[in-house]
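Per UniProt numbering, the sequence shown runs over residues 1 to 109.
Here a beta-carbon is modelled for each residue, glycine too, at the ideal position from N, C-alpha and C.
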Amino acid sequence: MLISDLEGNGFENLEDCNKVEDCISGLDGTTTSFTTIKRGETNTASYWELESDYYYNQSKVKLPAEVINARKLISIINKEFDLEEQFQNFLNRLPNGRYSYSMLIMNKV
Numbered sequence: 001m002l003i004s005d006l007e008g009n010g011f012e013n014l015e016d017c018n019k020v021e022d023c024i025s026g027l028d029g030t031t032t033s034f035t036t037i038k039r040g041e042t043n044t045a046s047y048w049e050l051e052s053d054y055y056y057n058q059s060k061v062k063l064p065a066e067v068i069n070a071r072k073l074i075s076i077i078n079k080e081f082d083l084e085e086q087f088q089n090f091l092n093r094l095p096n097g098r099y100s101y102s103m104l105i106m107n108k109v
């Protein structure tokens, strides 16, 4: 069901942000990547701050259709896996200690 839903919403043909007009990218924050392999061909599409309108509103550019589609794909995936819950479960399983990821430092006690 999940794969069918993703395929039905253009997962395999998603364009990378660098190829999409008015798609905003940056070096900090969160980047979401989608990778497919079909008939030996690899397609990777990545989007910076995918779930935020902030930079599009600041730049006063219309949200590209590819970004809207990528958001729909994330929504489909979250219905199946709830990525935020999975990440929280991962953090909860870590032993006490100091961790860093992205530019965040976490001290778990």
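At the level of alpha carbons, what is the spacing between S4 and A65? By 1-based counting over the sequence shown, the position of residue 4 is 4. By 1-based counting over the sequence shown, the position of residue 65 is 65. Their backbone Cα atoms lie some 21 Å apart in a straight line.
Does the Cβ of I24 have 16 or more other Cβ atoms within 10 Å, making it buried, or fewer, making it exposed? Counted from its first residue, the sequence shown places residue 24 at position 24. The residue is buried, with at least 16 neighbouring Cβ atoms inside 10 Å.
Counting C-beta neighbours from all protein chains within 10 Å, is the total for V109 16 or more, i.e. buried, or is it exposed? To locate residue 109, count along the sequence shown from 1; it is residue 109. When all chains shown are included, V109 counts as exposed.
Taking 6 Å as the limit between beta carbons, can you name the residues of its chain near residue 122, skipping five residues before and five after? There is no way to answer for residue 122, as the model of the chain reaches only from 1 to 109.
DSSP on Q14, reduced to helix/strand/coil? Position 14 of the sequence shown, counted from the start, is the residue given in the question as residue 14. Going by the sequence as given, residue 14 is Leu instead of Gln. Reduced to three states, the DSSP call for L14 is coil.
Does the region 10 to 17 come close enough to the region 35 to 53 to have 3 or more Cβ pairs within less than 8 Å? yes
Within the same chain, show all residues whose beta-carbon is closer than 8 Å to that of N96, passing over the 5 residues directly before and after it, in chain order. Counting from one through the sequence shown, the residue named residue 96 turns up at place 96. Excluding sequence neighbours, N96 sits near K108, V109.
Kindly list the residues whose CB is nearer than 7 Å to the CB of L94, restricted to its own chain and excluding five residues on each side of it in sequence; keep chain order. As a working note, residue 94 is residue 94 in the sequence shown. Only K108 meet the Cβ criterion.
Given 8 Å, three or more beta-carbon pairs between the region 65 to 81 and the region 26 to 38: yes
Report yes if the C-beta distance between N43 and N69 is below 9 Å; otherwise report no. Along the sequence shown, read from residue 1 onward, the residue named residue 43 stands at position 43. Along the sequence shown, read from residue 1 onward, the residue named residue 69 stands at position 69. No, these two residues do not count as a Cβ contact at 9 Å.
Option nearest L91 by Cα separation, candidates M106, F81, N78: Counting from one through the sequence shown, the residue named residue 91 turns up at place 91. Among M106, F81, N78, the Cα nearest to that of L91 is on M106.
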